[in-house]
Every structure is written in C-alpha cells, then in structure tokens.
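Residue numbers (my numbering): 284 to 1315.
Heads up, the beta-carbon is just placed ideally off N, CA and C, and yes, glycines get one too.
Here the structure is a predicted model, which is why all the values come from computation and not from measurement.
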Amino acid sequence: MTVTGFAQNGVVTVDVETPGTLSERVLDLDVTRIKSLTVTGNLNGSDIAYLNSGTGKMSGVETLDISNIKLVPGDEPYATVVIARSDIGMGKTTAIFYIGDVYSETSDSQNTGLGGINITKYIHTNDLSGAFAYSKSSGSSCSIKEVILPRSLPRIGDYMFKSNTYIERIGISSGVTEIGKAAFEAASSLTSVNLPAGVKIVDDYAFSRSGLAQIDLPESLTVIGAEAFRETKLIGELDFSNVERLGMWAFWNVKISGTLNLGKLTEIPDGAFTGGDYDKVIFSDNLVAIGEGAFANSKLTDVTLPASLTSICASSFQDTPWYSSLKGADDGIIYINDIALAPTQNVKIVDGLLAIKDGTRSIASGNWNINDGNTGISTLVTRLELPSTLETIGDEVFSGFEKLGDITLPEGLAYIGDRAFNGCKSLWFENLPSSVLNIGEEAFNGCESLTQIALSENVKSVGNNAFYGCSGISLVKIFASDLRGSGILGFGSEALDRVVIGGKVQYLPEESFFNSTNLRKVEFEPRDPATPLFIGGYCFSNCGKAQFVNFPERIDSIADYAFSDCAALSESLVLTDTRHIGYRSFIDCSSLTGVVLPESVEYIGEEAFGRCGNLQRVEYNCISATTGTVFRECDILAAVKIGKNVEKLGDGLFSTLSSLNSVEFEANGIENDSEIPSSFEIGQHCFSASGFKKIELPRNTTVIGDYAFADGKFAEIILPATIKYLGKEMFSSSRVKNITILAEEVPEAGGNLWYSDVEAQSVVFHVPARLINDYRGAEIWKNYHYEPIEKLVEKIEISSSSVTLEEGSTLTLSVTVSPADADNQDVAWKSDNEDVVTVDNNGVVTAVAPGTATVTVSTLDGSNLSATCEIRVVKPVVLVESITLDITDATLNVGDTMMLMATVLPEDADNREVTWISGNEDVVTVNNNGVVTAVAPGTATVTVSTLDGSNLSATCNITVESKTGGVDAVGAESINVIARDGVIIISGTSEEAFIYSMTGMLIRRTDERRIEGLVSGCYFVFVGGQSFKVVI
C-alpha cells in the first residue's frame, strides 16, 4: 500500500494506489486544515463516500479536484439517495450506488404498513451517480463549493449533486455527452455551468429548481428532458435550433427572452415554455402538435403557425398578448388552420344550436363552457352540429353540457378526448362512427340517456371509465379486436341487458361489465379457433343472471374474479388453449357441474373454482401448472380424471375435498411408456384431507411432495418403481396400513412420513428384500416396519423380547422362522455387549455382569430380518413386599377429580414403579399419576399394581354421583369444606386433611379445621374419605 500526500500553493494532493485507504491517509496528513484537495489514483466506493462525508479534515474542503482518479468497482456503497416519494402510504424509492464496470440494477420492496411500498434499488454504475447528493439519512455536512470531475466520466451521473446546496462550480470534462437525470436538481447555489461541446442529452430534471442563471446550450444538444430546467433563474436568449426532442415543462416558469428557434421540433409538449419572457417563436414547417400551456403566460406577440399543425390546445397560448389579440370567426369561434381552438364571448348559439364550421378537422382540448357574461354556455346548448370533416374532439371540450341532447357524430371522427362529453346527461346518439380509433378517459362518463354502444373493429383504445355512469345503456356490442391498452370500460349497470362479443375480439378489459346484476345474455359470435381471447379481472363479476351463449372454448387468459358470482354460467365448462386462470376467477359459479382444463394451462390461481357448490367432476390435463387450493369448498366434487400428459399436480390442488371418491389417472391405461411423460410429480398438500379410499398412482410417478396425502382415507397405496422422493409427513393422520414401494433404490425423504412414529406403528412397508437393510440403515426410514415383496423368510420371532437375569444365570432363547417352508431358515446370534451378556449358536444366553445388552437373531437368506431380546443383568432383585392406597373408598360428583397416593414398600425395592387402571373408564378414568376423574354416575374400581414382578396391587372403590350444586364435594353431607376470605374451613369431621394443588402436589397435611396462609388458586381437599374442590 502506497499513499502519498504533499502541499503546494495551498493545494493538498493525495495519491492513492490501494483502494479504500483515502480516509486513513488524509487523516495522517501533516496539515490541520484542507481548503483545496486534489486526489489521484485508485478510488473505490468507500473512498468516494468519504469525499462527500464532510467529516474530519474533509469538513473544510471547498475545492475538490478528482479529474485524474480511476474508479475501482466493488461492493462498497458510496451513496444513498431518496429518488422518489409516493403520496400513497408514505412510500419512497431509495437508490444505493456502487461503482461498477457497467450499469446494472436490482431492487427489492417492503410494505410500509400504511398502504404504500418502500422500494430499494441497488445500482452499479461508472458515472458517479448520486456521489455528491445531499442525503438526509446519511447526515452529510459536506460543504465543497467546487468539484472538478474525472476526465474518464462518460456522462454526469443521475442525482450526482441532487439537493446539494453548497456546490457553486463544476468542472466537466470534454468527453461528457450526457447530463444525467436530476444530476443538479435543487442545487440552489449553482449559478452557471459550462456544458462541453459534445453534450447531446440533458435528461429529466437535470437542473430543475437549481440556482442556474447562465448556461450556453451547445450545438450538439438534441434532447432536453422533462422539467430539465424548470424554475431555474435563466434569463436571456437560448439557442434551441438543434433540439429535436423536448420534455414536458422543460423550461416551465423560466424567464428566457428574445426569439425561440424551435425549427427542429415536430411536437412541443405540455408546459414546455410556460411563463417565459420571449416574444417570438420560430416553428418547424413539420410541427404537428402543441401541448397544453406550452407557451402560456409568456410575452409572445408574434406567432406564425405552420399548415402542418394538427393538434393544439385552447391553453397552448393562453394569457399571451398574441392569444388575446385573436378574433373569432363569424360564428364567434377562434380557428387556427382547420382547428377550432376555442369559443369567444360572441359565440353564436341559435335556438340552442352550436355549430362548428365546415372544414374543421379538430376541436382543441379545453372546456368550451365559457361565461357569456351571465351564465356558462353549457346551459344554452341543446344541439350540436359537427362538420363531416371532423377527426378529433379534444379533452373536456363539452364536459358539463347537461342539456346537450341528440347529436350525430360524423363518420371520419377518430379521436374523442378525455372527458369530452363528461356529465352530458341528455346526450344521445344512435351509433359511434366506425372510424373512431380512441376514446379517452371518462369520455362519456355520466351520459345517462345513452341506450346502446357498439365499439367497432377499428377502436384501438378506450380510456378508464369511458362509459361509467351511463345508467341507461341496455345493449353493448364490442367488435374492437384488441383493447389491451384500455382501462375499465365502465359498462356495468342495472340497465344492461345484453352484450355481444364479436368473433375477432382478443381482449376484454377489466371490470367491463362488473356488477351488471340484470345482464341477461352474453353472446359470443363465432370465432376463429386461432384467435386468442384475454378476459380482464372482474370483467363479468357479479353478473348472476347472465346466460353465456357460445361460450368460447379458447380463452388464453382469464384474470382474477373474471367470472366470479356468475351463477348462471353453463353447467359444463370446457376450456382449450387457456394459459392463465386467475385468482377466484370462477368462484361461486353455482351452476357449474363439470370442468375440463386443457394441457396448455400454466397457472391456476387460489380458489379459481372455489365454492362452486354443484361441481361434481373435473378433467385435469394441465401439464405442469402452478396452482393453489383451486377447488376449495367444492363440497360435492366426487370425481377427478388426470390426463395422460400431466407432469405435475400443483400444491394444494385437490386438497380438502371430502367428497372426492374417485381419482383416475389416464396414464394407467397407456401400455407404451413412450406415450406418457418420463416423470410425474404430486405437489405439496395436493390430496391432503381428501375423501377417496383408493388410489392407483401412475407408473411414472417420481416425486410426492410434503403432506400430499395427509389425512387421507385410503388403506393402501403402491408407489411405483420410478419413485425418487417422498415429502415429509405425506401420510400424517392418514388411514394407510400397507405401503408398497417398488423402487430399486431407497427413495429420498424430506423428513418423517408421519407427524410422529406412533402413527406408523401399524403400517407395513412392502419393499424388495435386498433393500430392507438399506431402509433400516437410513435415518428417516429406520423406525418403520418392513416386509419383503418376494417370498423368502417373512417373519422371525424370538421367544422373549426382554428379560431380566440375575448375574451368573443362563437362559435359552428360542426362535421361530416363518413360513415353515422357507428355503433357508438358518439364523445367527449376536450380543452387542459381551461384557454383560454372551450368547452361543444355540441361543444360550449367559449373564456375565450387571448392565444391559441386546441379543439379536438374524436371518441368513437375504430377507434381512431379525429379532431382538433386550436383556438386563442385575444383582439379586429386591422385590416389592407391599402396596397400599391412602383412600380405599370414595364418592365423587361427575366432573370431580381426586388424587390417590400409593405407598410402596420396602423403600429399597429395585423397582417401585406402579401402573394405574380403572375397571370402568365409562365411570372413572385414572392417569399415570393416580389422578382420578369422575366421568359419569356409577361405580368403578381403581387398581394400582407393581411392575417389578411381585404382582402386588391395591384398590379403591369409587362411587360417582350426579352433581347436585353447592360445594363441589363428595360423600356424606355431615362433612363440609368451604373457602371464605382466603381460609379453608372444614367441619363435620376431626380426621386429618390433605390439601393438594391442581397439579397433584401435596401442599399441606393437617388436623387443623381452619387452614390459612394459602395463595390464591384452586385446591383439592381430601378428608374423611371424601374429596372437595375449593377456590381461594
């Protein structure tokens, strides 16, 4: 590592050879304050972060020269910048920057918990994006006023100086061709920038709201992004003569003056030069469009618009001297070329008729409801005469003309703008012209008098809620072939009675007919089988009365809730070529009885056919679709047929179907293996809690997922030779008793096949005999019971499974091998601890010394069977001599409990363990601790017995009576136990009392009749052969 530093002419220079060491070496410099710093050498992300940290000796740096550094890629972040914020749920987008050879970006997201999303972008770049941005989160206090940027930079990176209020001067190398997005946004101290001659692009927000007051636009500049210079302090003239593309609001409220030469712009966007001090504009002869407010609030006096202009807004030149000087034609309307720009105060309305002159091709955007000195003209217009030449009606032109009635829209009309007829309650026309291409957002919103709409094949786009609130429409015909880019059509209403879908229609937007509760008929015209169809979310949702005529078999994609609550949808649904079936797309379609799903399906959403209460059969041919619990609460679904080409059944696909009693695999009927897939998988939970009692898996089954058959009702199953993987707990809580595994190798298992080994105790695995030892040697498989598939030795039994011998004694164990005709009945004996027990070839066991050992007898015929005897060698045994109970007779109420205490003597007996048994568990139960629970009226005997071979026992006779209320007591009424003020009071007897906790622990043994000092809780009191439960 080499880092050098020296000072010359007040400039401190640091050369870095080893990346990541800049901060350390600056700290080591023999200077107390650095005002001007030059850095050369190799810098990584941590070095760049240090330059903008404002910490230590960097706090006083005002001039920074990094023109000769080399950026070294790595995983060290050098800047964190918030680059966007959302008004919804307080979400934001944060970029974390790293040095990289080439640009790359990844991201992740997290919900804010308030309905918004926080997005984090991880960006690797070689242009120092964000390097000197102010970051509130990092707490940067950098006060550098001048930065000379690296000569190697290809562009000025995005957000490089965003919100940096200290930077005043920038040194940009001649090789830079682009100023990045928001590079100097809100850099309020930056007043001038010299753009190199080669700069071609100034990106969005590049200098927006900065302090920029002087800049020369180079001849090379061709693109200026949205809001690039918005609200800067630029004044004087700028040369736009070579600019070919301009973003919206690029110079909004910028006081540039003189003449704007826009000779290469064919479109001028919204707000581009709003609020400027210029007085003249030179337009291109090819100019076609001027956006809203493009030159509004300027000093423009001289305008010559080219004949090429086809689109302009009423607000494009609003509040300019030139616009104020315009006079209307004889009809009181201002025309520019063949565009009706706006009405004047003198607009002519005769007998409610507003007429647009012949030859007009476009009505500019902007509401025509001007004030005539008394009231808006919208209240005066009842009729509208549109010229046959009209092609465009702009945004909001006739919005709010509530009295406008019958009109004729001319053939040739192509564009109807956003909210063009919004709120025209009386509007009526017979047909939309076939020439219409685009209908804007809310174009006919609230037009209550319209009765029918037909969208021709030529319609390309319909804006969001274009027909929302058209409560009188009863007939809709859609022939538009592809409305993929459209919004919600908004046809849903109680008046809608009939819908016709043309044979060439490829896309129906979301919520097109949502909640049309009286929709009676949906007719699909004959379709070319090759024509795809996509149906958007909620398209026909809650159209409960709709009959679907000629329902198409080919629907490529059915989005979420598309047909939900369509109660009258046909009984049998057959789909072909469908790829996507969305979440709850057919939920609550109560008339469906059968469904056929094609091989093409790739995704089926959760509950796609949920709650289809009459669905009885499903043909499932989806090759490998991703699924959820598709048929949840289909309570009578009884039969499922799985197609021969299916490769995977998705997770949860047929789970919780208690009525499912038949699962048929078509592959089982195919003899030729080449005609079925090489593998077949069953997903997690696929058949869990389903009701079938028999299943025959196809012979190509390779994988069965976790819990796939959990809670199954079948008794046996055969896993074919192809099986390779079995998921964990796949048989948990199932009724299976016999499992045959034909695999030639032990399958991999994801975990125990049952929740607990207890569930598997009665299950037999039938496996090849040669693999039995392999199964028993595998951790997951070792605790199960195995039987060989071929006939060898099938069973080996030893005369005793466990014995206890005294030291020095002997015992001859005998073995039984079955069947009796087994070819090889030879066995081998072995002790696993010959220091304790030895065994000879005849099964004679000799007890050598105290301890335990296992004697194993094994078959030698390849069946790999064995039996064991657990042998315990002890010193001479001290047996139990007596066992007694503290209570021999008791009376309990139903629901009462009591604890019996057993005394086992002598205390040095080797085994003083006991077992408890109730003679009638319908009356009394007893647990392993002697706690007795009264279940029902009657009598029962509880017996406690020794386990050491002494065969001793003691009994307690218990009578159970119905509970009669009062104190929870058992026995004669003369004894009474109550709890009062934290004290247990006993009366009616002088016998000793035993106080137990609810867990059975003896708390106190006493002759006192007032028992004090107990903590709050529930106790059992045993006294005079009776049990009482009290609460303190």
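Looking at the DSSP output, Met531 shares a beta bridge with no other residue. Assignment of Met1181 by DSSP, reduced to helix, strand and coil, places it in the strand class.
Listed in chain order, the non-local C-beta contacts of Val344 below 6 Å within the same chain comprise Ile317, Leu320, Ile427, local neighbours out to five positions each way being set aside. With a threshold of 16 other beta carbon atoms within 10 Å, Thr1167 falls short and is exposed.
Under the DSSP definition of a beta bridge, Thr1174 partners with Thr1242, Gln1309.
Sequence-distant Cβ neighbours of Ser1092 in its own chain, meaning closer than 6 Å and more than five residues away, are Ala1130. Counting along the chain, the unbroken alpha helix (DSSP H) around Ser607 starts and ends at 604-607. By the 16-neighbour rule on beta-carbons within 10 angstroms, Asn1107 is exposed. Residue environment for Leu1285: exposed (fewer than 16 other C-beta atoms within 10 angstroms of its C-beta). Taking Asp839 as the centre and dropping the five residues before and after it, the same chain places the C-beta of Pro815, Leu816, Phe817, Asp860, Thr861, Arg862, His863 closer than 8 Å to its C-beta, in chain order. For Arg1059, the uninterrupted alpha helix (DSSP H) segment begins and ends at 1055-1060. In the DSSP secondary-structure assignment, Trp711 is bridged to Asp689. Here Lys538 is bridged, per DSSP, to Ile518. Burial state of Val1314 is exposed, judged by a 10 Å Cβ sphere holding fewer than 16 other Cβ atoms. With a contact defined as Cβ atoms closer than 8 Å, Arg900 and Gly877 qualify at about 5 Å. Taking a C-beta distance under 8 Å as the contact criterion, Val1163 and Ala1192 qualify as a contact pair. Straight-line spacing of the CA atoms in Glu520 and Ala465 works out to 23 Å.
The Cβ neighbour count for Val1050, taken over all protein chains shown within 10 Å, is at least 16; the residue is labelled buried. In this structure the stretch 1100-1120 does not touch the stretch 1045-1061; the number of beta carbon pairs closer than 8 Å is below three. The C-beta distance from Ile870 to Arg894 rounds to 6 Å, short enough to fall under 8 Å. As a beta-bridge residue in DSSP terms, Gln393 pairs with Asn401. Distances from the CA of Arg644 to each of Arg810, Gly695, Leu779 were compared; the closest alpha carbon is that of Gly695. In the assembly as shown, Asn569 is an exposed residue. Its beta-carbon has fewer than 16 other beta-carbons within 10 Å. Beta-bridge annotation (DSSP): Glu461 is paired with Ile484.
Ser1270 and Arg1292 have their C-alpha atoms roughly 7 Å apart. For Asn705, the secondary structure class from DSSP, reduced to helix, strand or coil, is coil. Counting only unbroken stretches of 3 or more residues, the beta strand (DSSP E) elements lying wholly within the stretch 558-609 are 563-566, in sequence order. About 6 Å separates the CB atoms of Glu740 and Ser764; that is less than 8 Å, so the two are in contact.
DSSP places Gly1134 in the uninterrupted beta strand (DSSP E) bounded by 1134-1142. Inclusion of Asn705 and Gly688 in the CB contact set at 8 Å is not warranted, their separation being larger than that value. Using a Cβ-Cβ distance cut-off of 8 Å, the stretch 624-635 and the stretch 706-725 are not in contact, since fewer than three pairs of beta carbons, one from each stretch, lie closer than that value. No Cβ-Cβ contact shorter than 8 Å links Ser847 with Phe834. With fewer than 16 other beta carbons inside 10 angstroms of its own, Asp585 counts as exposed.
For the 8 Å CB-CB criterion, Lys1020 and Val1046 form a contact.
In the DSSP assignment, His1049 is bridged to Thr1023, Glu1070. Measuring C-alpha to C-alpha distances from Asp701 to each of Gly746, Val295, Glu1090 identifies Gly746 as the nearest.
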